[in-house]
Every structure is written in structure tokens, then in C-alpha cells.
Amino acid sequence: MKNLFGKRREPLTDTQLLMTITIGIFAVMYILAMALLGGGFLHTQQIFDMLNDNASLIIVSCGLTIVMIGGGIDISVGAVTSLVVMSCVLYLNNGGNVFVSILLALGIGLGFGLVQGFLISVLDIQPFIVTLAGMFFARGMTTILSVNPQKVDHEAFNRLRDAKVEIPWLGYVAKNGNLVPARLEIGVIVAAVVVIVIFILLKYLKLGRNFYAMGGNQSSALMLGINVKKTRFLSYLISGVLSGISGYVFMMHTGAGNATNAAGMEMNAIASSIIGGTLLTGGVGNVIGTLFGTLTLTTIKKIVVSSGLNDPWWQSITTGGMLCFFILLQSVVLSKRSKKKKS
Amino acid sequence: MKKITKKLFQGSLSQLTIPLIAIALLLIFNLIRDPGFFSIGISHNNDGNAVLAGNLISIINGASELAVLAMGMTLVTAACKGQDISVGAAAAIAGSVFVKVLKAGSSISGLTVLLAFLSACVVAMLFGTFNGILVSVFKIQPMIATLILYTCGRSIAYWINGGATPTVSSHIITAIGSFIPGIPIPTPVLIVLFVAILFRLLFHFTSLELFTQSVGINQSAARLNGINPTFIKLLSFIILGVCVAVAGTIGVSRLGLINHETLLLDVEMDTILAVAIGGNSLGGGKFKISGSIIGAYVIQMLTITLYAMKVSSTDVKAYKAIVIVILVVIGSPVVKARLSKLINSIFSKKKETVKGVQG
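Chains Y and X supply the protein sequences, listed in that same order.
Counting from 1, position 280 in the first sequence corresponds to residue 280 in the working numbering; the numbering is continuous, with no gaps.
With the second sequence counted from 1, adding 343 to any position gets you the working numbering.
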């Protein structure tokens, strides 16, 4: 809808503008880090490491972006991720096979998506409360399954976990003269596929456009003949399934289950989406922006660590400061635009 | 006009039904499970004071911080159509400031405690103002605006005390955290009572309640009627700041130390839950502080009941989630409409007589 009417009057939609700002800031920040701090930032592996560490966060943030575009919120994603990790680890350790464990991960995610989607869309309960309950339930179940950390001891899975894509020409020569190839984990490829699929869904498919319409204005979406209940249900369903996938990717990265896994991931995911230009009021957002939001968040943390601010409080204080900056920037930019439109 | 007042009255009545039903259900459940759950005895604490003891007392005592926070949160929710998720982090900051000021003096007297509390209040109000300005002036959704402080609040608390978890020991602090000698009721309960009375007086002598509701229901209409929405929103956050300082002080006094990581951990979620269970819409507008207070006690009663059933503290969350879902499903508009239809068809005669009395 937006594209049809928006193109003639304004060159960029809100979504595109916010995304462009994020990508721009990310690029400037990274180049500055390369110029001033050097070191690790000069190697491609640095970006790859950021992707390796955050593949599951990227996947979860994509799901959250869809929910937020639809005008909702899902804070159960981190806890579901943690529950998936723990259940899959226990299943594998009790002699399961890898294929079924993937199904298990998807199943748990799907289950959470189904129940939460039903409660929110059909019974019309506030999404915050439902997903809060989902978060409590998933965290509680994780500790009921096991309070102690569990390490995966499964041959086939270990092979999958250690499988890495090596790109020699992006590597660098280490001090002892050996070529260290750049390594990407399988999880990053999964995340890339997820980002592309969600991007296509949001941009070109009818369902994706329905999410925007629903988030922008629910009653006009209803009048346009969009089944709002079904659309909202599907947004939570997708988010649930993506949390399941994210859990599996998380497990492939760490290879162990722990009750404190993915602690605070929901807030990181929300922060990534916001930095990427998604508005919590709905109707505005883009999954590519979310990807860069995650990268920006990680880059800030890396910069803080490599500039020698080792005290544990600096990381979150700078993250908070950065978040503040982005949120204010968005608010100012958007209010200026709306003023322009009026005049 | 008569119709509207009738509607409003019924609305406020039905708002309190869910939390009251929840409490009743929990009480009945406990009565069947173990009647001894309700026994209240008088025991002697370490100082030799006669104090009340029992599960019910520990429920009412334990919910104190939650109840105080829920009162402030109700105002913010009503005015800003959103919630403050930084209350736990802000309480950690307030607690840290409280301890920092106490530690600065050579000895702890009544005056230094008061001074420490006031400085904690000022700091918490400043952070509340920060959140409030983001929400009211920059028009950012409350959850996003407070996400900033949520992210970095506990680190700031950490930084205030230089990464340590200092302890304070003084009979005044013990008195605030547990019992005042000679009074068998736990002090935090008295503090909740005091704060609740303050709120009542505030609503009685000012038009804050009406203004907050009108800003929450329709901001532009409120502005056209001469209410300043920016100020009302900002004020609600500042009042929440005071509540945060009180909760932080109670939390610190209870333990006699400040642990920035664990002080009131995850309390923001419980607080929002208390507001919702109390029948207040999280989308702003009409509110009832008493509902939120009852909501806080429902949550604490649920927790204590689960503890009494030997559920470990880490597993409690899962059971809590199930109960919450049941509660909100019963309270959801769809189920409510079906239920009231059902009840109407059964008690149609009775309902009419009740209506007659109200009119």
C-alpha cells in the first residue's frame, strides 16, 4: 500500500529512511574502529566472528521484527531459545538422532507460537502478558529439565557443530606465517537464509504487506478486508518457529545447555530491531535494518572491549547510551518528517 | 448521564472481580491442601521482640516492594499507555545511592538514614524524569524509552559502589527491613500502608486521578480541555521514581546489603503483571490503584503457595506462568463476554434487582 502511494510524493518511506540511517552509522562506526583501533577490526574474521556469535540473535530479531511491524511484542523469544537448547541437549545425550532433534527444536518453537498466537489473536489478551507468561514458562521448564549445565556428547552432532565454511582468500597470515582462513559457522548460513526469506516475505508477499497494514492501522486493515486475527496469529507463529530455529543455532554454537543460556536475549533482540528502524507502534520496519541493528549493537560492544574499557559496567552503559542516541535520533527524524508532511 | 455512571460503576466493580476471585481461589486451594497454611503465631525474633509469624504474614510482608512499585506503575500505565521496564534497575541504583550515603558518614543515626533515603529519592526521581522526558517530550513509547535504563541501570548501580556489594548493619536499618521493636507488624507492611494512604490523599486533594485518566483515554481531548499531557506523563514517571526509591530502600534494608545484580531482580515483569491482574488495561486510561495492590498480593500468594508445595525457587516460574495464563484467559474480553452472557441467562431475574438497587 505504502509503495503505491508513497513513491510519487516522497523519495523514501519511513522504513527505508530509518534503515539507511542505521546502515550509515554502522559503516561509519566500523570504519572509524578500523582506522583508530586497527588490530582485529582489519581482519574479515572480525565480522565473521560477530556473525558467528550472533547468528541466533539475528534469527530471533527477525521474528521479533515481524511481530513488532504487526504492532505486537514477543518477549518470550530468549526463554524459548534457552528451552530449545536444553531439551535438544538432553535428547541428544539420551541417544537421540540429529534429525529428530531438529524436529524437536522446531516443534517446541511451533508449540509456543501456536499457543501464544491463539491467546493473543483469538482471545484478545495483551501480547505483553501472554508472552511474559510464555517467557516464565519456558525459563521454568528449562530449570525443571536440568539446573546443571549439560554438555552435548553426541558424535554426529559434534561433526555438525564443528563443520565450518572456510574461505581462504579472506583469511590473514598469522604471526607464525600460517594462513588462517576466515571461518563461518553453519548457523550463519541458516541466519542468512532466514533473513532472505523474511525479507522476501515482508517485501513481496501478500502476507508480509498485511503485517505492515495491520501494524499501521488495525481498523483500516480490517476495512481493507484483511483477516487481522489470522495475520496476527501468523506473526506470532513465525516468531515462535524462528525462536526454535534460533535455539538450534545457539546449540550448534555453544554445544552445551545451561539454564542461563540466552539470558536477556529478548531485550537484545528488541534493541536490535529498534536500532534497525522498527517502531514498536507497528507499521514501520525492515529485516535488513534489523540485521544491521544486531551488527551495530555487537560492534559497539567490541569497540568498548578493544578500547581498553575493561570494567564490566562499561559495556552495558555504552550500549544504553547508544540505544538512547538511536531512539532520540529516530524520534527527531520522524517528527520532523511528519511536520514537513503537514505543511 | 445516569446510564454512564451506572456503566462506570459496573466497570470498576468488574475490574476488581478477577483479582478478588484469584485471591479467593488461592485461599480455598490452600485451605483444602493444608489448613495449617493459615496459622498465624507469635514468635520471638533475635532481639526478643514478640512478632507475628506465619505464611499469611510472610505473603503480605514479601509483597511490599511489589505493591509499592505497582502503585507507581499503575499511574505510568494509565497516563502513558505503556510500562516502565526499568523499575528493577532503577531500584538497584536507588539502593546503591542509599548505601553509598549511609557509608559516607561515620555512624548511622536516624538523620543519616533519612538523608540517605532522601538522596535515593532524588536520584530515582532524576532517572524517572529522564524516562519521563523521553516519553512525554520526545514521544517515544515507554517500553522503548525505559529499555535504555533497563540495559544500563544495574551497571550504573555497580559503578556507584565501585563493583562491591557493601553491607550496612544498624538497628535502624533492621527496623526498616523487618520489625520495629514493640510493633508486631512487619515494617514494610506499614510502609505500604503509608504509601497507599499518601496516594489516596493525593487523589483526594488534587485532580491527578481524573487528569491522568483523561490523558490516558484521549490525549488530544485532554489537551483541548486545558490539561497538559506532557506534564501529567512526566509527573507520573517522577511519582514512580519515588516509589522506586521506597522499594529500593525496603529491599536493601531487608538484607542489610546492596547487591546490584539480585536486588529486586525481574521485579519489572512482576510489577506489570500486578497491574494487569488488578484489572487495569495496559493500554492506558481508567485505573484503580487498589486493583494493582491486590494484584501484587495475588502474585506473592501464588509464589508462597508454590514454595509451600516444595517447588524449588527456580521452577516456580513455570507454574506461575500457567496460573497467569488461566487468570488472563478468564479475564479476557472474549471469554468474559461469553461468561456474562451465560450468567445473565441463568440469573437474569437476580441481575435486574441488583440493577434496581444501584440506580
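Glycine included, every Cβ here is placed at the ideal spot set by N, Cα and C.
Keeping to the same chain, check which residues put their C-beta closer than 7 Å to that of residue i; ignore five residues upstream and five downstream.
| i | result |
| --- | --- |
| residue 705 of chain X | Since the first and last residues shown for chain X are 344 and 702, residue 705 of chain X lies out of range. |
| residue 489 of chain X | 427, 428, 429 and 474 |
| residue 654 of chain X | 662 |
| residue 145 of chain Y | 86, 87 and 90 |
| residue 634 of chain X | 358, 359, 362, 621, 622 and 623 |
| residue 290 of chain Y | 61, 62, 65, 272, 273, 276 and 278 |
| residue 632 of chain X | 414, 417 and 542 |
Assign residue i to one of three DSSP states: helix, strand, or coil.
| i | result |
| --- | --- |
| residue 547 of chain X | helix |
| residue 665 of chain X | helix |
| residue 604 of chain X | coil |
| residue 399 of chain Y | As shown, chain Y starts at 1 and ends at 343. That puts residue 399 of chain Y outside it, with no answer to give. |
| residue 359 of chain X | helix |
| residue 386 of chain X | strand |
| residue 397 of chain X | strand |
| residue 614 of chain X | helix |
| residue 510 of chain X | strand |
| residue 687 of chain X | helix |
| residue 179 of chain Y | strand |
| residue 591 of chain X | helix |
| residue 184 of chain Y | strand |
| residue 77 of chain Y | helix |
| residue 116 of chain Y | helix |
| residue 283 of chain Y | coil |
| residue 152 of chain Y | coil |
| residue 191 of chain Y | helix |
| residue 440 of chain X | helix |
| residue 257 of chain Y | strand |
| residue 629 of chain X | coil |
| residue 229 of chain Y | helix |
| residue 164 of chain Y | strand |
| residue 224 of chain Y | coil |
| residue 6 of chain Y | With a pLDDT of 44 at residue 6 of chain Y, under the threshold of 50, the modelled position of that residue is not reliable, and no figure is offered here. |
Which same chain residues, not among the five before or five after residue i, have their C-beta less than 6 Å away from its C-beta?
| i | result |
| --- | --- |
| residue 456 of chain X | 515 |
Do the CB positions of residue i and residue j come within less than 7 Å of each other?
| i | j | result |
| --- | --- | --- |
| residue 559 of chain X | residue 621 of chain X | no |
| residue 81 of chain Y | residue 246 of chain Y | yes |
| residue 77 of chain Y | residue 269 of chain Y | yes |
| residue 664 of chain X | residue 133 of chain Y | yes |
| residue 601 of chain X | residue 442 of chain X | yes |
| residue 440 of chain X | residue 419 of chain X | no |
| residue 219 of chain Y | residue 74 of chain Y | no |
| residue 166 of chain Y | residue 149 of chain Y | no |
| residue 519 of chain X | residue 596 of chain X | yes |
| residue 603 of chain X | residue 681 of chain X | no |
| residue 422 of chain X | residue 576 of chain X | yes |
| residue 414 of chain X | residue 542 of chain X | yes |
| residue 416 of chain X | residue 614 of chain X | yes |
| residue 491 of chain X | residue 331 of chain Y | no |
With a threshold of 6 Å (Cβ to nearest heavy atom), would residue i be considered close to the ligand MG?
| i | result |
| --- | --- |
| residue 193 of chain Y | Absent from the structure shown: the ligand MG. Ligands present: none. |
So, is the C-beta of residue i closer than 7 Å to a C-beta in chain B?
| i | result |
| --- | --- |
| residue 139 of chain Y | Protein chains in the displayed structure are Y and X, and chain B is not among them. |
Since residue i and residue j should fall inside the 8 Å C-beta cutoff, what is the C-beta to C-beta distance between them, to a whole number of angstroms?
| i | j | result |
| --- | --- | --- |
| residue 388 of chain Y | residue 70 of chain Y | Only positions 1 to 343 of chain Y appear in this structure, which leaves residue 388 of chain Y out of reach. |
| residue 525 of chain X | residue 392 of chain X | 7 Å |
| residue 273 of chain Y | residue 61 of chain Y | 6 Å |
| residue 129 of chain Y | residue 616 of chain X | 7 Å |
| residue 24 of chain Y | residue 151 of chain Y | Not a contact, Cβ separation roughly 42 Å. |
How should residue i be labelled, buried or exposed, when 16 other C-beta atoms within 10 angstroms of its C-beta is the threshold for buried?
| i | result |
| --- | --- |
| residue 485 of chain X | buried |
| residue 381 of chain X | exposed |
| residue 191 of chain Y | buried |
| residue 453 of chain X | exposed |
| residue 142 of chain Y | buried |
| residue 690 of chain X | exposed |
| residue 233 of chain Y | buried |
| residue 684 of chain X | exposed |
| residue 204 of chain Y | exposed |
| residue 362 of chain X | buried |
| residue 108 of chain Y | buried |
| residue 338 of chain Y | exposed |
| residue 572 of chain X | buried |
| residue 139 of chain Y | buried |
| residue 172 of chain Y | exposed |
Within its chain, find whatever has a CB closer than 8 Å to the CB of residue i; leave out the 5 residues flanking it on each side and keep chain order.
| i | result |
| --- | --- |
| residue 640 of chain X | 366, 402, 403, 406 and 410 |
| residue 282 of chain Y | 68, 69, 70, 71, 72, 214, 215 and 216 |
| residue 50 of chain Y | 295, 298, 299 and 302 |
| residue 26 of chain Y | 292, 295, 296 and 299 |
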